[in-house]
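Engineer: Numbering (full-length UniProt numbering), first residue to last: 1 to 296. Beta carbons are placed, not taken as given, at the ideal position from N, Cα and C, and that holds for glycine. Keep in mind the model is a prediction, meaning the values are calculated, not measured.
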Amino acid sequence: MKILITGSNGMLAYALEDILSPKHTLFGIDALDGEKYKLEKFFKIDITSMLQLSKIQDFGTLDLIIHTAAWTDVDASELDHNKTMMVNFKGTKNLVDIVRESAVPIIFISTDFVFDGTKKMPYIETDTPSPINTYGMSKYEGEKYVRSCLKKYAIIRTSWLFGKHGKNFVDTILKKAREEKHLKIVSDQIGSPTYTIDLAMAILKLIETGTIEKEPGEIFHAANTDQCSWHEFAGYILDTAGITDITVTPITSKELSRPAKRPLFSVLNSDKLKNFTGYHMRPWREALCEYLKSKK
Numbered sequence: 001m002k003i004l005i006t007g008s009n010g011m012l013a014y015a016l017e018d019i020l021s022p023k024h025t026l027f028g029i030d031a032l033d034g035e036k037y038k039l040e041k042f043f044k045i046d047i048t049s050m051l052q053l054s055k056i057q058d059f060g061t062l063d064l065i066i067h068t069a070a071w072t073d074v075d076a077s078e079l080d081h082n083k084t085m086m087v088n089f090k091g092t093k094n095l096v097d098i099v100r101e102s103a104v105p106i107i108f109i110s111t112d113f114v115f116d117g118t119k120k121m122p123y124i125e126t127d128t129p130s131p132i133n134t135y136g137m138s139k140y141e142g143e144k145y146v147r148s149c150l151k152k153y154a155i156i157r158t159s160w161l162f163g164k165h166g167k168n169f170v171d172t173i174l175k176k177a178r179e180e181k182h183l184k185i186v187s188d189q190i191g192s193p194t195y196t197i198d199l200a201m202a203i204l205k206l207i208e209t210g211t212i213e214k215e216p217g218e219i220f221h222a223a224n225t226d227q228c229s230w231h232e233f234a235g236y237i238l239d240t241a242g243i244t245d246i247t248v249t250p251i252t253s254k255e256l257s258r259p260a261k262r263p264l265f266s267v268l269n270s271d272k273l274k275n276f277t278g279y280h281m282r283p284w285r286e287a288l289c290e291y292l293k294s295k296k
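Dropping the structure here:
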């Protein structure tokens, strides 16, 4: 297949290139300059510009678009509503408007932050979104536009991503451990850490099983199984890395006082993904161990 990846300089995009490139021809676009890595061709394109985005026609006939491009800085998004909506909603709208006549299927990457965090059980795909921050709202608006305009699509919600080639919580904790002896980490936000390689594998399974063609218009949750708080996550990162001389103190979200609210519970249930594709997202601890080994 000929597949276009938007946001091709991002952390998930690199994992997609690793997983998909052996069997598929990949093209990439990003608002920033970047390396081709495993792409056949790369264009620097700002998806908020319809004029620039029309250049994707130069890739020729595409079989699939994986839309990962987004502004994901949650706190910065809260402070700049207009930019967030421009990138995350209007950029998505532009992409949909350009390809809707050609009927190219789109996989749209969304987030656990479309939920408000008041549920006590893991969220399933039919739970009603109710975002409590600008980032979550912008992604939900993108979801709604995709659903209203396209017939062939899949929306994938994921959470707490970590992996190579990008800023993530795991690398941040390891860096801080080299610089500080005492860390304060939020303990009242519960979620599902997710390895980008595992998410990329889930997307590959959606492609290989023909799910988008056979069952178009579905939403899937794709997150590593089990749950934890950021505080528990940090502790396991340090333990697994063999770092024992660091004190990790739990604090509340209120004590941290960041610009954007976070859902206190945003664990995703990925059973539907397994039922449709046969692919089981492994426990996050197992995925983390593999990631840390890959960094050695």
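#1: What's the C-alpha gap between ASP33 and LYS139?
#2: Would you please state the rounded distance, in angstroms, between the beta carbons of SER192 and VAL267? I believe it to be under 8 Å.
#3: Please confirm whether ILE66 and LEU4 have their CB atoms less than 9 Å apart.
#4: On the criterion of 16 or more Cβ atoms from any shown chain inside 10 Å, does GLY217 qualify as buried, or is it exposed?
#5: Counting along the chain, where does the beta strand (DSSP E) carrying ALA154 start and finish?
#6: For THR68 and ALA31, which I take to be in contact (beta-carbon distance under 8 Å), what is that distance rounded to the nearest angstrom?
#7: Which first and last residues belong to the beta strand (DSSP E) in which THR25 is found?
#8: Hey, out of LEU62, THR111, ALA202, whose CA is closest to THR25's CA?
#9: So, is GLN189 buried or exposed, given that buried needs 16 or more other C-beta atoms within 10 angstroms?
#10: Which complete beta strand (DSSP E) runs does the segment 211–246 hold, if anything under 3 residues is left out?
#11: May I ask which residues mark the beginning and end of the alpha helix (DSSP H) holding ILE98?
#12: At a cut of 8 Å, does the segment 246–264 reach the segment 133–147 through at least three beta carbon pairs?
#13: Straight-line CA distance for LYS214 to HIS231?
#14: Let me check understanding here. Comparing Cα to Cα, which of THR6, LEU20, THR84 lies closest to ILE47?
#15: Just curious, the beta strand (DSSP E) that HIS67 is in, first and last residue?
#16: Count the other CB atoms within 10 Å of the CB of residue 376; is the residue buried (16 or more) or exposed (fewer)?
#17: Using only alpha-carbon positions, find the residue among SER49, GLY166, GLY242, ILE237 that is nearest to MET86.
Structural biologist: The short version:
#1: 24 Å
#2: 5 Å
#3: Closer than 9 Å, so yes.
#4: Counting of Cβ neighbours within 10 angstroms places GLY217 among the exposed residues, the total staying below 16.
#5: 153–158
#6: Contact between THR68 and ALA31 does not hold, since their C-beta atoms are separated by about 12 Å, which reaches or exceeds 8 Å.
#7: 25–30
#8: LEU62
#9: buried
#10: 218–221
#11: 91–99
#12: yes
#13: 41 Å
#14: THR6
#15: 64–67
#16: This structure leaves residue 376 out entirely; the chain is present only between 1 and 296.
#17: SER49
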